[in-house]
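The numbering of the sequence shown is the numbering used here, which starts it at 290 and goes up by one.
Structure record follows, encoded as structure tokens.
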Amino acid sequence: MNLSAPTMVVFIIALIIAIIAVLMSVSVITFIPIAAFWVMTLAYVVLAAGCLFKGA
């Protein structure tokens, strides 16, 4: 399996999701009904998918 660098769009999307998770962990954002851990996990999965799939 060959890994490739994620595109800039995928990286920015993962970064935005990660920032939302950090804001949730310090209680700045409280209206999202799931734990910050799962939001950060989603950001990691998006970034990992961008590395695994070429052109994503």
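Note that CB positions come from ideal geometry on N, CA and C, so glycine has one too.
Since the model is a prediction, treat every value here as computed from it, not as a measurement.
query: Alpha-carbon to alpha-carbon, Asn-291 and Val-311; result: 31 Å
query: Between the CA atoms of Gly-339 and Ala-294 - distance to the nearest angstrom; result: 7 Å
query: Beta-carbon proximity list for Leu-336, same chain, < 8 Å, skipping 5 on both sides; result: Pro-295, Val-299, Phe-300 and Ala-303
query: Element boundaries [alpha helix (DSSP H), containing Ile-308]; result: 297-314
query: Per-residue burial, Ala-332 [other beta carbons within 10 Å of its own, 16 or more giving buried]; result: buried
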